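Working notes, structure below.
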Amino acid sequence: MSIRSQEQVALLTDYDTGSAYSAAYYTFFANIRFNWTKEQCVHTLLLCPPAMYTGQATVAANVAIAAAKSGTPTILVDADLRAPSLERRFGMEKGEGLSDLLAKDMITAQVVRQHLRDTFIPSLRLLSAGMAAEDDALLLSEKLQAAIQTISLCLSEIETAPGMVIFNSSPVLAGPDASLIGTFVEQTILTIAKDRTTRMQAKQAQEQLERAHSNLVGIVILDV
Amino acid sequence: MELRAYWKIIWRRIWLVALVVGVVALYVGYQYYHLRKTPGALTAYRSDVTIQIGLQSSPNGVSDNIGASESLADALVTGPILSSNEFDTEVSHQIAADMTQIEQRYGPNPNLGDWQNAGAIDGALSADRAHSVVIISATWTTPAGAWAIADAVGKVSTAKICTYLGYVVAKEAPCATTTAGSQSVVSARIISDATDAATVPGSSVSKQTTLIVLLLVALIVGIALAFLADYLDDRIHGKDEAQQLLRLPVYGEVPRAPTVGRTSS
Numbered sequence: 251m252s253i254r255s256q257e258q259v260a261l262l263t264d265y266d267t268g269s270a271y272s273a274a275y276y277t278f279f280a281n282i283r284f285n286w287t288k289e290q291c292v293h294t295l296l297l298c299p300p301a302m303y304t305g306q307a308t309v310a311a312n313v314a315i316a317a318a319k320s321g322t323p324t325i326l327v328d329a330d331l332r333a334p335s336l337e338r339r340f341g342m343e344k345g346e347g348l349s350d351l352l353a354k355d356m357i358t359a360q361v362v363r364q365h366l367r368d369t370f371i372p373s374l375r376l377l378s379a380g381m382a383a384e385d386d387a388l389l390l391s392e393k394l395q396a397a398i399q400t401i402s403l404c405l406s407e408i409e410t411a412p413g414m415v416i417f418n419s420s421p422v423l424a425g426p427d428a429s430l431i432g433t434f435v436e437q438t439i440l441t442i443a444k445d446r447t448t449r450m451q452a453k454q455a456q457e458q459l460e461r462a463h464s465n466l467v468g469i470v471i472l473d474v
Numbered sequence: 441m442e443l444r445a446y447w448k449i450i451w452r453r454i455w456l457v458a459l460v461v462g463v464v465a466l467y468v469g470y471q472y473y474h475l476r477k478t479p480g481a482l483t484a485y486r487s488d489v490t491i492q493i494g495l496q497s498s499p500n501g502v503s504d505n506i507g508a509s510e511s512l513a514d515a516l517v518t519g520p521i522l523s524s525n526e527f528d529t530e531v532s533h534q535i536a537a538d539m540t541q542i543e544q545r546y547g548p549n550p551n552l553g554d555w556q557n558a559g560a561i562d563g564a565l566s567a568d569r570a571h572s573v574v575i576i577s578a579t580w581t582t583p584a585g586a587w588a589i590a591d592a593v594g595k596v597s598t599a600k601i602c603t604y605l606g607y608v609v610a611k612e613a614p615c616a617t618t619t620a621g622s623q624s625v626v627s628a629r630i631i632s633d634a635t636d637a638a639t640v641p642g643s644s645v646s647k648q649t650t651l652i653v654l655l656l657v658a659l660i661v662g663i664a665l666a667f668l669a670d671y672l673d674d675r676i677h678g679k680d681e682a683q684q685l686l687r688l689p690v691y692g693e694v695p696r697a698p699t700v701g702r703t704s705s
């Protein structure tokens, strides 16, 4: 089995809905949902690990699947420009995405819509890392905040029900990307891999996100 | 709660505890096997013979005889007589002479152990006294051997006591094979024959306790190593640890992804 096909099957939809694995993701999404204090149209969420974790993209993808299957229109954004992998996980070819969006002079809902790609899950759209993904300095662009706002706006235009934009980013300690995105999203959740993430990494990541004024609301423990 | 946390640490590093205890258990098992295989190490047999030392035909009165007898008994118990090569060789020869009697008691070809070794007989003998009564114990690896040695010791003591204790009474009552009026003769008589061999703890029975203690120490060391390893390990091992460290709520706990197609419980 190739790497590509392995990545494709490691999604929530490949598991029995009654399994503990599936239930854990639905519970995770439910807890995120409970934390929505106001009934605004679109909520933004960043999921990021303190340090390199190979299953990070899967976590973001599975939460997005759980959200979409729970009836919440969702856009999954691959903001890990250093190691983009979400489009492969959904079995898609490399295409334009976030980095291309940030490279545009003007970011409008129309442009965002052009970059969104439907997945095999209804109500779940993917904004991949993009063709210019190698240039991770794009996230330092002043247009990041506008891009996030426009993606949210776009979702609210497409769907009537309250939706969610989930960002998958590179590790917090690997660069400023996660902190930058965390500054502009509504909630940030740190993913802690049991028996892998060290105390020092977790603490440093927390301090880094707090320095960036991210709204770090909680943690999710993986591989329990 | 504290105990549960401690148990979690031990359980997480149980392989370390098992490794230490396992290695020590192998050593202990090997040592115990050798103890079991070594005759007399864990279980030995003891037979006692009781003799009385005395003087004959003393012109100095009964009280002097009693005092001298006690001194002679003391010399037999504390002196180098029982451990002398000559005495032990005599015992060995006596056993050879008594073989028929021993076979009658314990059957043909009785297991007497290393009875021809005078040094081994020396190590088997111990004595105690009450006034002029001496109890000589033979502790041996086999019951037949213990009885044979005790019996032979009794016979040698009674027959050859004058030879071994002659130097003690040389000034006051020189040992003589014949009584010459005023001279005293050292004598010994068996009060109680060699008893049936009784089971007693072997010479290495304390080593058995040491081995058990060693296992306990290994367990304690293993647990201590588990705590040390956990202290040095900086990784996050669970929800409580993460919560305590970051002071943030846990939104979810996701298990390891099962093999696709297999439903995890």
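These protein sequences, in sequence, are chains R and G. Here our numbering is used: the first residue of the first sequence is 251, the next is one more, and so on. Here our numbering is used: the first residue of the second sequence is 441, the next is one more, and so on. Quick reminder that beta carbons are idealized off the backbone N, C-alpha and C, glycines included. This one's a predicted model, so the numbers in the text were calculated from it and none came from an experiment.
Between residue i and the rest of its own chain, which residues show a CB-CB distance below 7 Å, the 5 nearest in sequence each way excluded?
{"i": "Ala558(G)", "result": "Asn525, Asp528, Thr529 and Ser532"}
{"i": "Gln471(G)", "result": "Leu651"}
{"i": "Val468(G)", "result": "Leu651, Leu654 and Leu655"}
{"i": "Ile450(G)", "result": "Val457, Ile663 and Ala666"}
{"i": "Ser269(R)", "result": "none"}
{"i": "Asp368(R)", "result": "Arg375"}
{"i": "Val362(R)", "result": "Leu351, Thr400, Ile401 and Cys404"}
{"i": "His463(R)", "result": "Thr433"}
Shorter than 8 Å, the distance from the beta carbon of residue i to the closest heavy atom of the ligand HEM, or not?
{"i": "Val625(G)", "result": "By its list of ligands, the structure shown contains no ligand whatsoever, and the ligand HEM lies outside what it can speak to."}
Could you pull the DSSP bridge partners for residue i from this structure?
{"i": "Thr490(G)", "result": "Ile575(G) and Ser632(G)"}
{"i": "Met414(R)", "result": "His293(R) and Thr324(R)"}
{"i": "Trp580(G)", "result": "Tyr485(G)"}
{"i": "Asp368(R)", "result": "Arg375(R)"}
{"i": "Arg687(G)", "result": "Answer is none; Arg687(G) lacks a bridge partner."}
Report yes if the CB atom of residue i is closer than 9 Å to the CB atom of residue j, and no otherwise.
{"i": "Thr294(R)", "j": "Gly692(G)", "result": "no"}
{"i": "Ala301(R)", "j": "Val422(R)", "result": "yes"}
{"i": "Leu552(G)", "j": "Ile575(G)", "result": "no"}
{"i": "Val461(G)", "j": "Tyr271(R)", "result": "no"}
{"i": "Ile439(R)", "j": "Leu472(R)", "result": "no"}
{"i": "Ile282(R)", "j": "Val327(R)", "result": "no"}
{"i": "Arg449(R)", "j": "Asp674(G)", "result": "yes"}
{"i": "Val489(G)", "j": "Thr635(G)", "result": "yes"}
{"i": "Gly488(R)", "j": "Arg332(R)", "result": "With chain R running from 251 to 474 in the structure shown, residue 488(R) is simply not present."}
{"i": "Ala515(G)", "j": "Ala586(G)", "result": "no"}
{"i": "Asp591(G)", "j": "Ser577(G)", "result": "no"}
{"i": "Leu482(G)", "j": "Ser627(G)", "result": "no"}
{"i": "Thr579(G)", "j": "Ser566(G)", "result": "yes"}
{"i": "Asp562(G)", "j": "Leu605(G)", "result": "no"}
{"i": "Tyr275(R)", "j": "Ala316(R)", "result": "yes"}
{"i": "Ala411(R)", "j": "Pro323(R)", "result": "yes"}
{"i": "Ser373(R)", "j": "Ala318(R)", "result": "yes"}
Leaving out five residues on either side along the sequence, give the residues of the same chain with a beta carbon under 6 Å from the beta carbon of residue i.
{"i": "Gly380(R)", "result": "Glu346, Gly347, Leu348, Ser349 and Asp350"}
{"i": "Asp330(R)", "result": "Asn418, Ser419 and Ser420"}
{"i": "Pro614(G)", "result": "The predicted position of Pro614(G) is uncertain, since its pLDDT is 48 and thus under 50; a value taken from the coordinates is nonetheless stated next. Hits under 6 Å: none found."}
{"i": "Ala428(R)", "result": "Cys298, Ser419 and Val422"}
{"i": "Ala560(G)", "result": "Asp554"}
Give me the chain G residues within the contact set of residue i, using Cβ-Cβ distance strictly less than 7 Å, ordered along the chain.
{"i": "Arg446(R)", "result": "Arg675"}
{"i": "Phe278(R)", "result": "Tyr691, Gly692 and Val694"}
{"i": "Arg449(R)", "result": "Asp674, Ile676 and Leu685"}
{"i": "Leu472(R)", "result": "Val694"}
What does a CB cutoff of less than 8 Å around residue i pick up in its chain, not counting 5 residues either side in sequence?
{"i": "Ser572(G)", "result": "Gln492, Ile493, Gly494, Ile506, Ser509, Glu510, Leu512 and Ala513"}
{"i": "Arg452(G)", "result": "Ala666, Asp670 and His677"}
{"i": "Ala359(R)", "result": "Thr400, Leu403, Cys404 and Glu407"}
{"i": "Ala311(R)", "result": "Leu261, Leu262, Leu326, Leu336, Arg339, Phe340 and Asn418"}
Residues of chain R with CB closer than 8 Å to the CB of residue i, please, in chain order.
{"i": "Arg453(G)", "result": "Result: empty, since nearest Cβ-Cβ is about 12 Å, beyond 8 Å."}
{"i": "Ala658(G)", "result": "None at all; the shortest Cβ gap to chain R is about 27 Å."}
{"i": "Lys448(G)", "result": "Within 8 Å Cβ-Cβ: nothing; Lys448(G) doesn't reach chain R, min ~13 Å."}
{"i": "Ala697(G)", "result": "Ala260, Tyr265, Tyr271, Gly305 and Thr308"}
{"i": "Lys742(G)", "result": "What is shown of chain G runs 441 to 705, which leaves residue 742(G) out entirely."}
Evaluate residue i with the Cβ neighbour count: other Cβ atoms within 10 Å of its Cβ, from every protein chain shown; 16 or more gives buried, anything less gives exposed.
{"i": "Ala455(R)", "result": "buried"}
{"i": "Phe340(R)", "result": "buried"}
{"i": "Glu543(G)", "result": "exposed"}
{"i": "Pro689(G)", "result": "exposed"}
{"i": "Lys611(G)", "result": "Its pLDDT being 48, under 50, Lys611(G) is placed unreliably in this model, and the value from its coordinates should be taken loosely. By the 10 Å Cβ count, Lys611(G) comes out exposed."}
{"i": "Ala638(G)", "result": "exposed"}
{"i": "Pro520(G)", "result": "exposed"}
{"i": "Arg486(G)", "result": "buried"}
{"i": "Arg444(G)", "result": "exposed"}
{"i": "Ile631(G)", "result": "exposed"}
{"i": "Trp555(G)", "result": "buried"}
{"i": "Thr649(G)", "result": "exposed"}
{"i": "Arg687(G)", "result": "exposed"}
{"i": "Pro548(G)", "result": "exposed"}
Whose Cβ in chain G lies nearer than 9 Å to the Cβ of residue i?
{"i": "Ser419(R)", "result": "Going along chain G, no residue has its Cβ under 9 Å from Ser419(R), so there is no contact; the nearest lies around 17 Å."}
{"i": "Ala452(R)", "result": "Ile676, Ala682, Leu685 and Leu686"}
{"i": "Ile315(R)", "result": "Here the premise fails: no neighbours, minimum Cβ distance about 13 Å."}
So which residues of chain G does residue i contact, with C-beta pairs closer than 8 Å?
{"i": "Ile439(R)", "result": "Tyr691"}
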